[in-house]
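Going by full-length UniProt numbering, the letters in the sequence shown line up with residues 1 to 378, in that order.
Glycine included, C-beta positions come from ideal geometry on N, C-alpha and C.
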Amino acid sequence: MSDITSGSTVSRRTLLLAGGAALSVSAALPGLAQQRPLRFSAIGQALIKHDIRQYSYPDYRLLADHLAKADVVFSNLETAINGPGAGPPTRDTQFFHATEPEVLDVLKDFHINLLATGNNHSFDLNTGGILTTLEAVAKAGFVHAGTGVNAADAAKPAFLSVPSGTVALVAMATGRIREGGAATDTRPGVNEIRRGEDGQFNVEDEQRVLGAIRTAAARADIVIVYQHNHYWEPDFADTPAWLKIWAKRCIDAGAHAFVGHGAPILQGIEFYKGCPLLYGLGSFIFHSRTNIGHYRPEVWDSAIIDLVFERGKVRQLDILPVALNEVGISTEKHFETRGRPTLARGDRARRILERLATISAPYGTNLVIENDRASVVL
(Lines of atoms letter the chains of each structure in order from A and count residues from 1; the text may use other names and numbers.)
(Lines give C-alpha, C1' and ligand atoms only; values in the text may rest on other atoms or scores of the structure.)
Protein backbone atom coordinates (compact mmCIF):
# COMPACT_ATOMS: atom_id res chain seq x y z
CA MET A 1 0.00 0.00 0.00
CA SER A 2 1.29 3.44 -0.86
CA ASP A 3 0.90 6.66 1.06
CA ILE A 4 -0.96 9.34 -0.92
CA THR A 5 -0.84 12.18 1.54
CA SER A 6 1.06 14.47 -0.82
CA GLY A 7 -0.79 17.65 -1.65
CA SER A 8 -1.01 17.12 -5.41
CA THR A 9 -2.41 13.60 -5.15
CA VAL A 10 -5.00 14.54 -2.54
CA SER A 11 -5.99 17.56 -4.58
CA ARG A 12 -6.78 15.50 -7.69
CA ARG A 13 -8.68 12.90 -5.69
CA THR A 14 -10.50 15.61 -3.79
CA LEU A 15 -12.03 16.93 -6.99
CA LEU A 16 -13.16 13.45 -8.00
CA LEU A 17 -14.64 12.68 -4.59
CA ALA A 18 -16.42 16.00 -4.29
CA GLY A 19 -18.01 15.47 -7.67
CA GLY A 20 -18.94 11.89 -6.85
CA ALA A 21 -20.58 12.94 -3.60
CA ALA A 22 -22.71 15.45 -5.42
CA LEU A 23 -23.94 12.72 -7.75
CA SER A 24 -24.57 10.15 -5.02
CA VAL A 25 -26.63 12.39 -2.76
CA SER A 26 -30.31 12.63 -3.60
CA ALA A 27 -31.48 16.20 -3.98
CA ALA A 28 -34.03 17.16 -1.34
CA LEU A 29 -36.70 19.77 -1.91
CA PRO A 30 -37.13 22.40 0.83
CA GLY A 31 -40.37 21.95 2.72
CA LEU A 32 -41.13 18.57 1.17
CA ALA A 33 -44.12 17.16 3.06
CA GLN A 34 -44.00 13.53 4.13
CA GLN A 35 -47.06 12.02 2.47
CA ARG A 36 -46.97 8.51 3.94
CA PRO A 37 -45.27 6.71 6.83
CA LEU A 38 -41.50 6.46 6.56
CA ARG A 39 -39.95 3.30 7.96
CA PHE A 40 -36.46 3.72 9.38
CA SER A 41 -34.36 0.93 10.89
CA ALA A 42 -31.26 1.62 12.99
CA ILE A 43 -28.89 -1.26 13.64
CA GLY A 44 -25.62 -1.83 15.46
CA GLN A 45 -22.27 -0.81 14.02
CA ALA A 46 -20.74 -2.92 11.26
CA LEU A 47 -17.20 -3.92 12.20
CA ILE A 48 -17.03 -6.12 9.13
CA LYS A 49 -13.77 -7.56 7.81
CA HIS A 50 -14.95 -10.73 6.05
CA ASP A 51 -17.62 -11.62 3.51
CA ILE A 52 -19.99 -13.55 5.75
CA ARG A 53 -21.95 -14.78 2.72
CA GLN A 54 -19.15 -17.32 2.13
CA TYR A 55 -20.39 -19.28 5.14
CA SER A 56 -24.14 -19.16 4.74
CA TYR A 57 -26.50 -19.56 7.67
CA PRO A 58 -30.33 -19.38 7.81
CA ASP A 59 -30.70 -16.17 9.79
CA TYR A 60 -28.75 -14.19 7.22
CA ARG A 61 -31.75 -14.20 4.90
CA LEU A 62 -34.26 -13.81 7.74
CA LEU A 63 -32.57 -10.61 8.91
CA ALA A 64 -32.19 -9.32 5.37
CA ASP A 65 -35.88 -9.91 4.70
CA HIS A 66 -36.80 -8.06 7.89
CA LEU A 67 -34.66 -5.04 7.01
CA ALA A 68 -36.06 -5.01 3.48
CA LYS A 69 -39.34 -3.76 4.97
CA ALA A 70 -37.72 -0.43 5.87
CA ASP A 71 -37.38 2.56 3.56
CA VAL A 72 -34.07 3.48 5.18
CA VAL A 73 -31.62 1.22 7.02
CA PHE A 74 -28.77 2.91 8.89
CA SER A 75 -25.46 1.65 10.26
CA ASN A 76 -21.89 2.77 10.87
CA LEU A 77 -18.98 1.37 8.87
CA GLU A 78 -16.44 0.52 11.57
CA THR A 79 -13.51 -0.22 9.29
CA ALA A 80 -11.37 1.37 6.60
CA ILE A 81 -11.74 0.11 3.03
CA ASN A 82 -8.54 -0.72 1.20
CA GLY A 83 -7.86 0.37 -2.36
CA PRO A 84 -5.25 1.93 -4.64
CA GLY A 85 -3.74 4.84 -2.76
CA ALA A 86 -4.56 3.65 0.75
CA GLY A 87 -1.91 4.66 3.24
CA PRO A 88 0.13 2.50 5.63
CA PRO A 89 -1.65 1.15 8.72
CA THR A 90 -1.78 3.48 11.70
CA ARG A 91 -2.15 0.56 14.15
CA ASP A 92 -0.24 -2.69 14.60
CA THR A 93 -2.49 -4.42 17.12
CA GLN A 94 -5.57 -6.63 17.14
CA PHE A 95 -7.60 -3.41 16.99
CA PHE A 96 -6.43 -2.58 13.47
CA HIS A 97 -9.52 -2.76 11.25
CA ALA A 98 -9.29 -2.59 7.47
CA THR A 99 -10.79 -4.72 4.74
CA GLU A 100 -11.62 -4.99 1.04
CA PRO A 101 -14.53 -3.34 -0.82
CA GLU A 102 -16.35 -6.67 -1.27
CA VAL A 103 -17.70 -6.50 2.29
CA LEU A 104 -19.86 -3.55 1.25
CA ASP A 105 -21.95 -6.01 -0.78
CA VAL A 106 -22.86 -7.71 2.50
CA LEU A 107 -24.17 -4.42 3.87
CA LYS A 108 -26.17 -3.91 0.68
CA ASP A 109 -27.58 -7.42 1.10
CA PHE A 110 -28.90 -6.25 4.47
CA HIS A 111 -30.54 -3.29 2.67
CA ILE A 112 -28.36 -0.71 4.41
CA ASN A 113 -28.57 2.46 2.33
CA LEU A 114 -27.53 5.15 4.82
CA LEU A 115 -24.05 4.87 6.29
CA ALA A 116 -21.87 6.77 8.75
CA THR A 117 -18.17 6.60 7.92
CA GLY A 118 -16.66 8.67 10.74
CA ASN A 119 -15.23 6.84 13.74
CA ASN A 120 -11.98 5.93 15.50
CA HIS A 121 -11.10 3.36 12.81
CA SER A 122 -11.66 5.57 9.77
CA PHE A 123 -7.96 6.51 9.88
CA ASP A 124 -6.62 2.94 10.20
CA LEU A 125 -5.23 3.18 6.65
CA ASN A 126 -4.05 6.75 7.10
CA THR A 127 -5.31 9.72 5.05
CA GLY A 128 -5.22 7.64 1.90
CA GLY A 129 -7.59 5.17 3.54
CA ILE A 130 -10.07 7.94 4.27
CA LEU A 131 -10.21 8.60 0.55
CA THR A 132 -10.33 4.97 -0.58
CA THR A 133 -13.20 4.36 1.84
CA LEU A 134 -15.09 7.37 0.50
CA GLU A 135 -14.56 6.15 -3.04
CA ALA A 136 -15.69 2.63 -2.20
CA VAL A 137 -18.91 3.58 -0.38
CA ALA A 138 -19.83 6.08 -3.10
CA LYS A 139 -19.19 3.50 -5.83
CA ALA A 140 -21.34 0.99 -3.93
CA GLY A 141 -24.20 3.48 -3.87
CA PHE A 142 -24.40 4.32 -0.16
CA VAL A 143 -25.50 7.75 0.97
CA HIS A 144 -22.93 8.58 3.63
CA ALA A 145 -21.70 11.22 6.07
CA GLY A 146 -19.06 11.65 8.75
CA THR A 147 -15.83 11.80 6.74
CA GLY A 148 -14.87 13.97 3.81
CA VAL A 149 -12.15 15.52 1.71
CA ASN A 150 -11.99 18.42 4.19
CA ALA A 151 -13.73 19.59 7.36
CA ALA A 152 -16.69 21.17 5.58
CA ASP A 153 -17.25 18.05 3.48
CA ALA A 154 -17.02 15.74 6.50
CA ALA A 155 -19.56 17.79 8.44
CA LYS A 156 -22.13 18.36 5.75
CA PRO A 157 -25.41 16.44 5.85
CA ALA A 158 -26.11 13.68 3.37
CA PHE A 159 -29.59 13.33 1.90
CA LEU A 160 -31.41 10.15 0.91
CA SER A 161 -34.73 10.48 -0.90
CA VAL A 162 -37.16 7.57 -0.83
CA PRO A 163 -40.82 7.48 -1.96
CA SER A 164 -42.02 8.31 1.57
CA GLY A 165 -39.76 11.33 2.07
CA THR A 166 -36.22 12.61 2.42
CA VAL A 167 -33.91 11.59 5.25
CA ALA A 168 -30.79 13.55 6.16
CA LEU A 169 -27.79 12.25 8.08
CA VAL A 170 -25.35 14.36 10.09
CA ALA A 171 -22.53 12.23 11.52
CA MET A 172 -19.69 12.98 13.95
CA ALA A 173 -17.16 11.24 16.18
CA THR A 174 -15.74 11.95 19.63
CA GLY A 175 -12.76 10.32 21.28
CA ARG A 176 -9.79 8.24 20.13
CA ILE A 177 -9.44 9.98 16.78
CA ARG A 178 -5.73 9.58 16.13
CA GLU A 179 -3.46 12.48 15.31
CA GLY A 180 -3.97 13.24 11.63
CA GLY A 181 -7.37 11.53 11.47
CA ALA A 182 -9.60 14.57 11.92
CA ALA A 183 -10.61 16.55 8.85
CA THR A 184 -9.26 20.10 8.53
CA ASP A 185 -9.68 22.82 5.95
CA THR A 186 -6.94 21.20 3.89
CA ARG A 187 -6.95 17.54 4.98
CA PRO A 188 -9.40 14.66 4.51
CA GLY A 189 -10.64 13.01 7.66
CA VAL A 190 -13.31 12.54 10.29
CA ASN A 191 -15.88 15.10 11.43
CA GLU A 192 -14.52 15.19 14.97
CA ILE A 193 -15.89 17.06 17.95
CA ARG A 194 -13.02 17.69 20.34
CA ARG A 195 -13.42 17.95 24.11
CA GLY A 196 -11.14 19.98 26.34
CA GLU A 197 -9.73 19.01 29.71
CA ASP A 198 -12.74 20.71 31.28
CA GLY A 199 -15.02 18.30 29.42
CA GLN A 200 -16.49 21.03 27.23
CA PHE A 201 -16.77 20.74 23.46
CA ASN A 202 -14.57 22.80 21.20
CA VAL A 203 -16.91 25.68 20.29
CA GLU A 204 -15.96 25.69 16.61
CA ASP A 205 -16.61 21.94 16.31
CA GLU A 206 -19.89 22.21 18.18
CA GLN A 207 -21.21 25.03 16.03
CA ARG A 208 -20.14 23.25 12.84
CA VAL A 209 -22.29 20.25 13.77
CA LEU A 210 -25.27 22.26 14.98
CA GLY A 211 -25.13 24.31 11.79
CA ALA A 212 -25.17 21.14 9.71
CA ILE A 213 -28.24 19.93 11.61
CA ARG A 214 -30.06 23.20 10.93
CA THR A 215 -29.15 22.97 7.25
CA ALA A 216 -30.44 19.41 7.12
CA ALA A 217 -33.69 20.33 8.88
CA ALA A 218 -34.41 22.99 6.26
CA ARG A 219 -34.20 20.44 3.45
CA ALA A 220 -35.31 17.07 4.78
CA ASP A 221 -38.41 15.50 6.27
CA ILE A 222 -36.42 13.49 8.82
CA VAL A 223 -32.98 14.35 10.24
CA ILE A 224 -30.88 11.63 11.85
CA VAL A 225 -27.91 12.70 13.97
CA TYR A 226 -25.24 10.09 14.57
CA GLN A 227 -22.43 10.14 17.11
CA HIS A 228 -19.62 7.62 17.41
CA ASN A 229 -18.33 8.11 20.92
CA HIS A 230 -15.20 6.81 22.64
CA TYR A 231 -15.23 9.10 25.65
CA TRP A 232 -16.56 6.23 27.74
CA GLU A 233 -17.56 6.03 31.37
CA PRO A 234 -15.56 3.66 33.65
CA ASP A 235 -18.28 1.13 32.85
CA PHE A 236 -18.74 1.53 29.10
CA ALA A 237 -22.31 0.27 29.38
CA ASP A 238 -23.20 3.60 31.01
CA THR A 239 -24.20 6.57 28.88
CA PRO A 240 -22.18 9.69 29.80
CA ALA A 241 -24.22 12.56 31.25
CA TRP A 242 -22.67 15.04 28.81
CA LEU A 243 -23.76 12.89 25.86
CA LYS A 244 -27.37 12.92 27.05
CA ILE A 245 -27.27 16.72 27.19
CA TRP A 246 -25.64 16.94 23.76
CA ALA A 247 -28.19 14.58 22.19
CA LYS A 248 -30.99 16.85 23.36
CA ARG A 249 -29.22 19.90 21.93
CA CYS A 250 -29.11 18.10 18.59
CA ILE A 251 -32.87 17.59 18.77
CA ASP A 252 -33.33 21.26 19.65
CA ALA A 253 -31.31 22.15 16.53
CA GLY A 254 -33.73 20.23 14.31
CA ALA A 255 -32.95 16.50 14.52
CA HIS A 256 -35.76 13.94 14.69
CA ALA A 257 -33.64 11.11 16.13
CA PHE A 258 -30.22 10.62 17.71
CA VAL A 259 -28.32 7.37 17.18
CA GLY A 260 -25.14 6.34 18.98
CA HIS A 261 -22.41 3.73 18.62
CA GLY A 262 -18.88 3.44 19.94
CA ALA A 263 -19.09 1.35 23.09
CA PRO A 264 -19.84 -2.15 21.75
CA ILE A 265 -22.89 -2.66 23.94
CA LEU A 266 -26.57 -1.75 24.07
CA GLN A 267 -27.39 1.41 26.00
CA GLY A 268 -30.75 2.87 26.95
CA ILE A 269 -33.51 4.51 24.92
CA GLU A 270 -34.84 7.92 25.90
CA PHE A 271 -37.44 10.21 24.34
CA TYR A 272 -37.05 13.97 24.26
CA LYS A 273 -39.76 16.17 22.77
CA GLY A 274 -41.16 13.03 21.17
CA CYS A 275 -37.84 12.18 19.49
CA PRO A 276 -35.96 8.93 20.19
CA LEU A 277 -32.45 9.06 21.61
CA LEU A 278 -30.86 5.68 20.89
CA TYR A 279 -27.74 6.09 22.97
CA GLY A 280 -26.02 2.85 21.96
CA LEU A 281 -26.98 0.02 19.62
CA GLY A 282 -23.94 -2.21 20.07
CA SER A 283 -22.77 -4.18 17.05
CA PHE A 284 -24.62 -5.72 14.11
CA ILE A 285 -21.47 -7.39 12.79
CA PHE A 286 -18.46 -7.69 15.09
CA HIS A 287 -15.31 -9.17 13.52
CA SER A 288 -13.22 -8.53 16.59
CA ARG A 289 -9.78 -10.17 16.75
CA THR A 290 -9.84 -10.31 20.54
CA ASN A 291 -9.57 -13.52 22.52
CA ILE A 292 -12.69 -15.39 23.55
CA GLY A 293 -13.83 -13.94 26.87
CA HIS A 294 -12.18 -10.55 26.30
CA TYR A 295 -15.59 -8.86 26.38
CA ARG A 296 -18.50 -9.37 28.74
CA PRO A 297 -21.34 -11.51 27.30
CA GLU A 298 -23.62 -8.51 26.72
CA VAL A 299 -21.24 -7.22 24.03
CA TRP A 300 -22.52 -10.01 21.80
CA ASP A 301 -26.12 -8.79 22.16
CA SER A 302 -27.69 -6.17 19.93
CA ALA A 303 -31.01 -4.98 18.54
CA ILE A 304 -32.68 -3.62 15.45
CA ILE A 305 -34.76 -0.53 16.20
CA ASP A 306 -37.63 -0.10 13.75
CA LEU A 307 -39.13 3.39 13.71
CA VAL A 308 -42.19 4.62 11.85
CA PHE A 309 -42.31 8.36 11.20
CA GLU A 310 -45.45 10.21 10.13
CA ARG A 311 -45.08 13.89 9.32
CA GLY A 312 -41.90 14.18 11.33
CA LYS A 313 -43.18 12.37 14.42
CA VAL A 314 -42.39 8.87 15.67
CA ARG A 315 -45.61 6.87 15.71
CA GLN A 316 -44.14 3.44 16.39
CA LEU A 317 -40.93 1.95 17.81
CA ASP A 318 -40.37 -1.79 17.67
CA ILE A 319 -37.33 -3.74 18.81
CA LEU A 320 -35.97 -6.96 17.33
CA PRO A 321 -33.26 -8.54 19.52
CA VAL A 322 -30.12 -9.71 17.74
CA ALA A 323 -27.57 -12.27 18.94
CA LEU A 324 -23.97 -12.42 17.74
CA ASN A 325 -21.78 -15.52 18.11
CA GLU A 326 -18.57 -14.99 20.05
CA VAL A 327 -17.11 -18.30 18.82
CA GLY A 328 -16.73 -19.05 15.12
CA ILE A 329 -17.88 -22.22 13.39
CA SER A 330 -14.44 -23.86 13.53
CA THR A 331 -10.91 -23.29 14.76
CA GLU A 332 -9.73 -22.59 11.22
CA LYS A 333 -12.55 -20.16 10.42
CA HIS A 334 -13.06 -18.69 13.88
CA PHE A 335 -12.42 -15.02 13.13
CA GLU A 336 -14.14 -15.14 9.73
CA THR A 337 -17.34 -16.55 11.19
CA ARG A 338 -17.63 -14.96 14.63
CA GLY A 339 -19.71 -11.87 15.34
CA ARG A 340 -22.44 -12.75 12.82
CA PRO A 341 -25.97 -11.45 13.47
CA THR A 342 -28.80 -13.89 14.14
CA LEU A 343 -32.33 -13.48 15.44
CA ALA A 344 -32.28 -13.82 19.21
CA ARG A 345 -34.81 -16.37 20.41
CA GLY A 346 -36.19 -17.72 23.65
CA ASP A 347 -34.18 -17.04 26.80
CA ARG A 348 -31.55 -14.99 25.02
CA ALA A 349 -34.14 -12.76 23.36
CA ARG A 350 -35.85 -12.19 26.69
CA ARG A 351 -32.54 -11.45 28.41
CA ILE A 352 -31.62 -8.84 25.79
CA LEU A 353 -35.01 -7.18 25.90
CA GLU A 354 -35.31 -7.24 29.69
CA ARG A 355 -31.89 -5.63 30.04
CA LEU A 356 -32.82 -2.95 27.50
CA ALA A 357 -36.09 -2.37 29.38
CA THR A 358 -34.21 -2.03 32.67
CA ILE A 359 -31.66 0.50 31.41
CA SER A 360 -34.35 2.50 29.56
CA ALA A 361 -36.80 2.68 32.46
CA PRO A 362 -34.98 5.53 34.29
CA TYR A 363 -35.70 7.70 31.24
CA GLY A 364 -39.42 6.96 31.52
CA THR A 365 -39.29 4.63 28.52
CA ASN A 366 -41.58 1.62 28.88
CA LEU A 367 -41.00 -1.53 26.83
CA VAL A 368 -43.68 -4.15 26.24
CA ILE A 369 -42.09 -7.56 25.63
CA GLU A 370 -43.97 -10.28 23.77
CA ASN A 371 -42.94 -13.25 21.60
CA ASP A 372 -39.22 -12.41 21.38
CA ARG A 373 -40.01 -8.85 20.36
CA ALA A 374 -40.60 -5.56 22.13
CA SER A 375 -42.27 -2.25 21.47
CA VAL A 376 -42.12 1.09 23.23
CA VAL A 377 -45.29 2.56 24.65
CA LEU A 378 -45.58 6.00 23.04
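- Gly83 has its alpha-carbon roughly 37 Å from the corresponding atom of Val308.
- Taking all protein chains in view, the Cβ of Glu204 is surrounded by fewer than 16 other Cβ atoms within 10 Å, so the residue is classified as exposed.
- Counting other Cβ atoms within 10 Å of its Cβ, Lys333 stays below 16 and is therefore classed as exposed.
- When DSSP states are grouped into helix, strand and coil, Tyr279 belongs to the coil group.
- The criterion of a C-beta distance shorter than 8 Å is satisfied by Cys275 and Ile251.
- Under DSSP, no beta-bridge partner is assigned to Tyr231.
- Straight through space, the alpha carbons of Ser302 and Asn126 are spaced by roughly 30 Å.
- Listed as beta-bridge partners of Glu270 by DSSP are Leu277.
- Taking Thr132 as the centre and dropping the five residues before and after it, the same chain places the C-beta of Ala80, Ile81, Asn82, Gly83, Pro84, Gly85, Ala86 and Leu125 closer than 8 Å to its C-beta, in chain order.
- Taking 3 residues as the shortest admissible run, the segment 282-360 contains the following complete beta strand (DSSP E) segments, listed from N- to C-terminal end: 283-286, 301-310, 313-324 and 341-343.
- Under the rule that a run must span 3 or more residues, the beta strand (DSSP E) segments found entirely inside the segment 142-194 read 143-145, 158-162 and 165-174.
- Here Ile224 is bridged, per DSSP, to Leu169 and Ala257.
- If the five residues before and after Leu62 are omitted, its C-beta is found closer than 7 Å to the C-beta atoms of Leu343, all from its own chain and listed in chain order.
- For Leu278 against Ala42, the beta-carbon gap comes to about 6 Å, under 8 Å, which counts as contact.
- Excluding sequence positions up to five before and after Ala68, its CB lies within less than 6 Å of the CB of His111, all in the same chain and listed in chain order.
- Cβ contact annotation for Asn325 (same chain, cutoff 8 Å, sequence separation greater than five): Trp300, Thr337, Arg338, Gly339, Arg340 and Thr342, in chain order.
- Per DSSP, Glu206 is one residue of the alpha helix (DSSP H) stretching across Val203 to Arg219.
- Assigned with DSSP and collapsed to three states, Leu378 falls in coil, not helix or strand.
- C-alpha of Leu378 to C-alpha of Val162: approximately 25 Å in a straight line.
- Ranking Glu135, Gln35, Tyr231 and Phe284 by CA distance to the CA of Asp59 puts Phe284 first.
- The C-beta of Ser75 has 16 or more other C-beta atoms within 10 Å across all chains shown, which makes the residue buried.
- Contact check for Arg373 and Asp318: beta-carbon distance about 7 Å, within the 8 Å limit, so the pair qualifies.
- Ala46 has its alpha-carbon roughly 15 Å from the corresponding atom of Arg53.
- Between the beta-carbon of Asp185 and that of Ala151 there is about 6 Å, and that keeps the pair under the 8 Å contact cut.
- The three-state reading of DSSP puts Leu243 in helix, counting H, G and I together.
- Taken through DSSP and simplified to helix, strand or coil, Arg249 comes out as helix.
- Asp71 places its beta carbon 8 Å or farther from that of Leu115.
- Beta-bridge analysis with DSSP links Ile81 to Thr99.
- Burial check for Ile292: the Cβ neighbour count within 10 Å stays below 16, so the residue is exposed.
- Here Ile369 has Arg350, Leu353, Glu354 and Ala357 as same chain residues with Cβ atoms under 8 Å from its own Cβ, once five neighbours each way along the sequence are excluded.
- Around Val106, the same chain offers Ile48, Asp51, Ile52 and Arg53 as residues with beta carbons nearer than 7 Å, after the five sequence neighbours per side are excluded.
- In the DSSP assignment, Glu370 falls within the unbroken beta strand (DSSP E) covering Leu367 to Glu370.
- Between Gly118 and Thr93 the beta-carbon gap is near 21 Å, outside 8 Å, which marks them as no contact.
- Listed as beta-bridge partners of Asn76 by DSSP are Ala116.
- Per DSSP, Leu38 lies in no alpha helix (DSSP H); the unbroken beta strand (DSSP E) holding it starts and ends at Leu38 to Ala42.
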